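Engineer: Protein chains in written order, with our numbering: chain G, 32 to 662; chain B, 32 to 662.
In this text, a Cβ means the ideal position worked out from N, Cα and C, and glycines have one as well.
Note that the structure is a prediction, hence the values are computed from the model and not measured.
Got a structure for you, written out below as structure tokens; questions coming shortly.
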């Protein structure tokens, strides 16, 4: 069934332009690169500079703070961004040097060739000059394969540098105010003080972490997903039959990575899926994931029963040769599990899961994703596409949480993990969904058990169903908790969930909300260095360095805008109050008055408080204590 | 120090008007009243009606759903709202009938009389005709006092009806789809299937719950705060020296209760605090809390050191005679604890706490709140004002979480709880603040231990410091968790926290966010009936009853607006898709297709799935199982 509701995509490569909002450096920030053991390993970070603290002795410097940066070259004013050309293939020489791949004479997917030969598409096509690559016959080009053979790839070294909060270990050493951190509770994770390239290799070899890095996406900056690393977040973008254009979707991607998206999934189900994806991948410094069954379904005009293994297989190759870094494959939706969903409140709410359930029912056959799983592995390992084993039977309501169908599928995903590992294909596991708070931990515990610690990648979970319009929040609560328990990547939910296709504003709201969830999970796990940013921001807040407080936050623009609604004057940026409490009622100002008062008495603040005051205080404790001790 | 930044409040009682947005009934909702044992016990609820479900056999009715309603008469089209007259004093006859109070000849606070006699204030003054009341000599008029003497007050019966999800027990009995609920995990709470008036009395007598119900606020609808009841939320409003007017603040109150605020704190620190509060109380159907030290400080022009017990005492009487239902008193900020804050990142961040610390330091004396605590109790019990013992030393940054100062104060609050209980004065305890997720439970555990299960009332806690502009979210994560662990009331945080004075939009955003936190806590605790609304909404969602889905949500307006951004046509309200996935990719539609398909085969859906499919499925499990069992 074709819908008539969709408007034509008038996008052309001539009109393609980068979103100017996405290429401004963030306030008081500059891109710095930390070099590894070789000049071509240059790890980008965002350095936020701070103003000085005024003290009675003059001024005191506040060091710049380094922040993990997902925005790629976009926020580097030195970079020459042209989305019609795409990003530079930073990893290309690394891939070539391994000598296990070959350049293809042409695309090997039938569908890709069809699209390439369709002259009607010339105007909107991204003109990639670089030919696609594939593993040489008999070769396996996955990071897992290298890791298991003891090879530390440049990708792994890049990641080790990127994951470390280097400043915590070096220049901030001894600065307790910046580096003090509460010991975490990590539920059995193997938290490292220093992340070495060897540790990265070992975690990948163990299957406990993945590096989504298709050899046909050399533009990507290596990143890792695993519970012993920083918690990551994914942003879903993509058009639907009812709207959006290629330009819109590229802008959602650049907007998502500006605010902290670690990976982006292109879930397009509308027009020109192939071309949309090409534009996104060529311009993305973060790994791109997809759900290939969506495009396969479009190829059979939405008739699930007409899907075949051959169409699906061709779609995998098409997308692998474009450079997709991970595929969601709903191979755990087995025929036997579909009846388990019959008494559910909301049935099957995964799009891929419902498509496969429909196929299984129509044919009364086991899912071809399951029966052909080893062949899928063969394709994945020739390009290093990672599995994201889809939770097609995740609960879509609180009512359906943690039911038989959900956990039956999870167990199957565990079996499939071992199949993939046999092929040295990287795997992560998708998780729910809608789950009340007290039932979240069971999901994590069973996932670790069934899937042998393969990284967990969850959507939320949403902790209630009663807040359409606010499901970024209902789900952030669950996401923060499951991140703490051990989930490696959190798939964002936007405020539009259940209601409509997210736009750019929704993407940002979803990203910031999930950066919060991921960061509070890092803090709770005690990830080394995670608290530096909190400490630096709190110090700025206490010292009324308003601009530093804004700039160190996840969204400097909104913080400044909120503050300036009532106090727009530049002078208010050093004022010892804001409009919330006014000048007489700012507790931080009063606390500083107290400390200044102590200083004027000729004592250091601590002495004054601990010595003079404490003595007086003790008198009163004794005296005052009596008042109530009789009770 | 007076600030010149404030603009004059041009509000007059002649210009006062109700916010028209606050008096519309919510969509498809009507106010119903459930009568108790007497005709004057009429408990309001919001009844949301639903449309029918289309089935192959015709249509199936969906019952109306009752929702706990904090909006008072405002959403009742039958009520005649005139904010210049204020709300009716529903509780007046109950208070009179107890015969333990007397009508005062005039206000007994010096300051109140001064304001009453100030002719410059006539134009803005609320003209209350009803005289203030006070306990007769030797009498104690607290709900705790009655409870301990075995008296079930009308307030207690009202609350029992209000807290019960009556429908779950009666008309929905047997309707599993609506009433099924996951068993909760309640960490030792005494969860009741049916809340009786006697249970309410018993919990109040035990000190485990409070009913904030000043005899001078008869306009209030009784509500309860305790861990064995629904989790409540509070909204902070109030002007600051830098902005807002009486009209604005009354509108924030009516807006807050429309969206679900269970209590409102008037934290005004700017102009005309006395008159602002009067307008708020006279028009509020929910309990009003204040922090009297704020107004006391204004009376000494912001000079903390000039505060005296006499000024504070007069302020308590002033506010008690206006009808404030609970007072935040920072009596736990003892002189000896102030030095413990010297090495903190952010010092003392409670406004009241910092004011008292400054006073203690200036005088080198124990806090007068602590030394005069029993006299404070004497005042409270004469009007039934409840204590909200303030956490003046709560942490203001992740760095300062769970430190010595914080827990020293908490221990003192526990001592003071017993002092208050000795006087039969109701008490709840305020809690933090900024706390990483893994350190939240310690706060709850120590509070239960030190304060002998007196209700906990927490601000957030915020789980990270790095998101100014989004602290409603950083704190909702902590609030949901601590609510689950046992906190009885959650004080909202708005997006403007740390940045500026919240406006009406911020109030709504804070309220909805905290309704989410409170509700997910109820679900996790397994509060009986809590899941009905989730179930009803999910059923509507699955059946594409879009309007029902919006109307059952916490914010029908926003849900509808988001949906209509892309599909505004009325026909889309019954469409089997939205713009997120489009017609071919809606998983719920596909699931329904699957079920329809089964039905067409002449089998009931469950039979089809369980019987026919399962048989086929089993064949494949056996066959397919072999594929991977060898691994």
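#1: Compare the C-beta of residue 381 of chain G with all C-beta atoms of chain B and state if any pair is closer than 8 Å.
#2: With 8 Å set as the bound, which would you pick, yes or no: does the beta-carbon of residue 92 of chain G sit closer than that to a beta-carbon of chain B?
#3: Mapping the DSSP letters down to three states, classify residue 617 of chain G as helix, strand or coil.
#4: Helix, strand or coil, according to DSSP, for residue 218 of chain B in the structure here?
#5: Quickly, what does DSSP pair residue 454 of chain G with across the bridge? List them, please.
#6: Name the two residues that bound the continuous alpha helix (DSSP H) containing residue 538 of chain G.
#7: Tell me, which residues are paired with residue 487 of chain B by DSSP?
#8: Out of B:574, B:449, B:363, state which residue places its alpha-carbon closest to the alpha-carbon of residue 437 of chain B.
#9: For chain G, check one thing: does any of its Cβ atoms lie closer than 8 Å to the Cβ of residue 612 of chain B?
#10: Scan the stretch 459-475 of chain B for residues whose Cβ lies nearer than 7 Å to a Cβ of chain G and list them as they occur along the chain.
#11: On the DSSP bridge list, what partners appear for residue 297 of chain B?
#12: Who does residue 164 of chain G pair with in a DSSP beta bridge?
#13: Can you grab the Cα-Cα spacing for the pair residue 466 of chain G / residue 255 of chain B, in whole Å?
#14: Could you confirm whether any beta carbon from chain B is found closer than 8 Å to the beta carbon of residue 621 of chain G?
#15: What are the boundary residues of the alpha helix (DSSP H) that residue 147 of chain B is part of?
#16: Assess contact between the stretch 540-556 of chain B and the stretch 442-460 of chain G, defined as three or more Cβ pairs (one per stretch) separated by less than 8 Å. Is contact present?
#17: Kindly indicate which three-state DSSP category residue 623 of chain G falls into: helix, strand or coil?
#18: What span of residues does the beta strand (DSSP E) with residue 284 of chain G cover, start to end?
#19: Mind listing the chain G neighbours of residue 484 of chain B? Cutoff is C-beta to C-beta under 7 Å, in chain order.
#20: Where do the N-terminal and C-terminal ends of the alpha helix (DSSP H) with residue 573 of chain G fall, by residue?
#21: Take residue 388 of chain G and list the residues in its own chain whose beta-carbon comes closer than 7 Å to its own, dropping the five residues that flank it on each side.
#22: The beta strand (DSSP E) that contains residue 90 of chain G, what's its start and end?
#23: In the DSSP assignment, find the beta strand (DSSP E) that holds residue 319 of chain G and state where it starts and stops.
#24: Looking at the C-beta of residue 399 of chain G, does it have a partner C-beta in chain B at a distance below 8 Å?
#25: Can you tell which of B:282, B:144, B:228 has the C-alpha that lies nearest to the C-alpha of residue 52 of chain B?
#26: Identify which residue in G:446, G:413, G:427 has its Cα closest to the Cα of residue 420 of chain G.
#27: By alpha-carbon positions, which one of G:175, G:100, G:214 ends up nearest to residue 194 of chain G?
#28: Using DSSP's beta-bridge definition, name the partner residues of residue 358 of chain G.
#29: Any idea what DSSP makes of residue 522 of chain B, helix, strand or coil?
#30: Roughly how far, in whole angstroms, is the beta-carbon of residue 267 of chain B from the beta-carbon of residue 353 of chain B, given that I think they are within contact range, below 8 Å?
#31: In three-state DSSP terms, what is residue 263 of chain B?
#32: Just mark residue 625 of chain B as buried or exposed, buried being the case when its beta carbon has 16 or more other beta carbons within 10 Å.
#33: Looking only at its own chain, which residues have a Cβ that is under 6 Å from the Cβ of residue 590 of chain G, when we skip the five neighbours before and after it?
#34: Against chain B, does residue 361 of chain G count as a neighbour if the rule is that its beta carbon must be under 8 Å from one of theirs?
#35: Please decide whether residue 515 of chain G counts as near chain B, where near means a Cβ-Cβ distance under 8 Å.
#36: Among the residues of its own chain, which have a CB less than 7 Å from the CB of residue 478 of chain B, if the five just before and after it don't count?
Structural biologist: Let me lay it out:
#1: It does; some Cβ of chain B falls within 8 Å.
#2: With 8 Å as the cut-off, residue 92 of chain G does not count as an interface residue toward chain B.
#3: The three-state reading of DSSP puts residue 617 of chain G in coil, since its state is none of H, G, I, E or B.
#4: It is coil, neither helix nor strand.
#5: According to DSSP, residue 454 of chain G bridges with nothing at all.
#6: Segment 535-556, the alpha helix (DSSP H) holding residue 538 of chain G.
#7: Answer is B:460.
#8: Looking at the Cα atoms, B:363 is the closest of the given residues.
#9: Yes, contact with chain G.
#10: Correct list: 467, 468, 469, 470.
#11: B:268, per the DSSP bridge assignment.
#12: Its beta-bridge partners are G:134.
#13: Rounded to whole angstroms, the separation of the alpha carbons of residue 255 of chain B and residue 466 of chain G is 28 Å.
#14: So yes, residue 621 of chain G belongs to the interface.
#15: In the DSSP annotation of this structure, the continuous segment of the alpha helix (DSSP H) that includes residue 147 of chain B starts and ends at 141-147.
#16: The answer is no - the stretch 442-460 of chain G does not touch the stretch 540-556 of chain B, with fewer than three Cβ pairs under 8 Å.
#17: Residue 623 of chain G carries a helical assignment under DSSP once its states are collapsed to helix, strand and coil.
#18: It is not in any beta strand (DSSP E) - residue 284 of chain G instead sits in the alpha helix (DSSP H) that spans 277-290.
#19: Correct list: empty, because the minimum Cβ distance to chain G is about 18 Å.
#20: Start and end: 563-573.
#21: Result list for residue 388 of chain G: 364, 369, 379, in chain order.
#22: 89-91 is the span of the beta strand (DSSP E), which, as asked, contains residue 90 of chain G.
#23: The continuous beta strand (DSSP E) containing residue 319 of chain G extends over residues 319-321.
#24: It does not: the Cβ of residue 399 of chain G has no partner Cβ on chain B nearer than 8 Å.
#25: The candidate whose alpha carbon is nearest that of residue 52 of chain B is B:282.
#26: If we check each option's Cα against that of residue 420 of chain G, G:446 comes out closest.
#27: Answer by Cα proximity: G:100.
#28: For residue 358 of chain G, the pairing in a beta bridge is given by DSSP as G:321, G:418.
#29: The answer is strand: DSSP assigns residue 522 of chain B an E or B state.
#30: Rounded, the Cβ-Cβ distance is 18 Å, inconsistent with contact.
#31: Note: residue 263 of chain B maps to strand in three-state DSSP.
#32: Buried, because 16 or more other Cβ atoms sit within 10 Å of the Cβ of residue 625 of chain B.
#33: Correct list, in chain order: 581, 584.
#34: Under the 8 Å criterion on CB atoms, residue 361 of chain G is classed as non-interfacial with respect to chain B.
#35: Chain B, which has a Cβ nearer than 8 Å to the Cβ of residue 515 of chain G, makes this yes.
#36: These residues qualify, in order along the chain: 441, 460, 462, 487.
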